[in-house]
Amino acid sequence: MEWSDAKAQLAEQGYCIFPGVLDAATTDQVRAKLWAAAEESERRGAATRNVGLDPNRHNVRVFNLLDLDPVFRELIVHPLALEVVEHLLGPSYLVSNFTANIALPGSGSMKLHSDQSIVVPEPWVQPWSLNIIWCLNDVHLKNGATLFIPGSHKVRQRSELPADAEAQLVPFEAPAGSVIVMDGRVWHTSGANVTEDEERALLFGYYSAGFLRPQMNWNAALSPETIADLSPTLRTLLGLEAAANIALATPLLNEGEPLRL
Ligand SMILES: O=C(O)CCC(=O)C(=O)O
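All residue numbers in the sequence shown are consecutive under my numbering, ending with 284.
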């Protein structure tokens, strides 16, 4: 998809899709590392089944991906991802979360929500968060593609949701290796995987405006070994530098003067 068309679709519909961002071999490798990360997560005592969040045990949730394999630290700063994030959120943004949801046959839908509504009270008037969704399998209606309401990023408060919201849900369908960009205000849910034997693995890179508290406290979530391995860019995007919420106050600074903390 041309970037200019993608921007227009993101503005109008709240999403856009880039096919072929990862080639087939890389997609397979990342999927294998995701399964290894799921095992490691269980070994560390972080459950991968979350009945409550999901209706049954057929979803495999992997949290804290950044601490589980370097490949996820590469994907979260993929140049395409950062270009799209900066386009929507502006230059000051943070990595809020990075998780996976593998929908196995028999999995069902979670509750309808927007991800911005989880971290910011209404009204939701601007895009202050977005998801970069990495498709590690072909995704389609029957294997549990994420269901969303096109244009629902224009819903400013919960009372504006249409009464038949669930009936307006459509699937994000994309080949393995694609990136789906979803404005944080888009109302969506996971689909039901009604296939006999197909898995649906998606990674959710969630980014939010620099003045919002991220979903994860990376200082606590990441091991010292992982922190030692971070690039300067990633350290900044995870909010691990000393400066936190001071970026909006640039009028305080004389031009050309660095801020000293
Ligand atoms: O897995 C999906 O399709 C959606 C997941 C989701 O919306 C969530 O975990 O908040």
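Here a beta-carbon is modelled for each residue, glycine too, at the ideal position from N, C-alpha and C.
| Check | Outcome |
| --- | --- |
| Is D138 near ligand 1, judged by its Cβ being under 7 Å from some heavy atom? | yes |
| What do you reckon, is the C-beta of S285 under 7 Å from a heavy atom of ligand 1? | Outside the displayed range of the chain (24 to 284) lies residue 285, so it cannot be described from this structure. |
| Taking 7 Å as the cut-off, does the CB of M24 come closer than this to any heavy atom belonging to ligand 1? | no |
| What is the C-beta distance between R84 and N73, in whole angstroms, given that I count them as a contact (C-beta under 8 Å)? | 5 Å |
| Considering only the beta carbon of each residue, do V118 and Y230 sit closer than 8 Å? | yes |
| Can the beta-carbon of G37 be found closer than 8 Å to that of M205? | yes |
| Report the rounded CA-to-CA distance for L253 versus A104, giving the unit in angstroms. | 18 Å |
| Which partner residues of L117 appear in the DSSP bridge assignment? | S231 |
| Any heavy atom of ligand 1 closer than 7 Å to the Cβ of T71? | no |
| Can you determine whether any heavy atom of ligand 1 sits closer than 7 Å to the C-beta of A126, and answer yes or no? | yes |
| Take N166 as the anchor and find which of P173, Q149, G233 and S132 has the nearest alpha-carbon. | S132 |
| Please determine whether the Cβ atom of L57 lies at a distance below 7 Å from any heavy atom of ligand 1. | no |
| Within the same chain, show all residues whose beta-carbon is closer than 6 Å to that of D92, passing over the 5 residues directly before and after it, in chain order. | K56 and A60 |
| So which of A123, W241 and V193 has the shortest CA-CA distance to L170? | V193 |
| Return the bridge partner residues of W157 from the DSSP annotation. | V202 and L226 |
| Could you check whether V142 and R179 sit closer than 8 Å to each other, using their CB atoms as the reference points? | no |
| Taking A190 and Y116 to be in contact with their CB atoms under 8 Å, please state how far apart those CB atoms are, rounded to whole angstroms. | 34 Å between Cβ atoms; not a contact. |
| With which residues is N124 paired in a DSSP beta bridge? | R84 and L225 |
| Going by DSSP in three states, L111 sits in which element: helix, strand or coil? | helix |
| Whose C-alpha, out of N87, R80, V44 and V100, is nearest the C-alpha of P255? | V100 |
| Just checking my contact of D77 with S137 at CB under 8 Å: how many whole Å lie between their CB atoms? | Between S137 and D77 the Cβ distance is about 18 Å, and since that is not below 8 Å, they are no contact. |
| So, helix, strand or coil for L33, using DSSP? | helix |
| What is the C-beta distance between L112 and W157, in whole angstroms, given that I count them as a contact (C-beta under 8 Å)? | L112 to W157, Cβ: 18 Å. No contact. |
| I need the straight-line Cα distance from P42 to L33, nearest angstrom please. | 15 Å |
| Expressed to the nearest angstrom, what Euclidean distance is found between the alpha-carbon atoms of L263 and W241? | 7 Å |
| What number of angstroms, rounded off, separates the C-alpha of L184 from the C-alpha of H110? | 26 Å |
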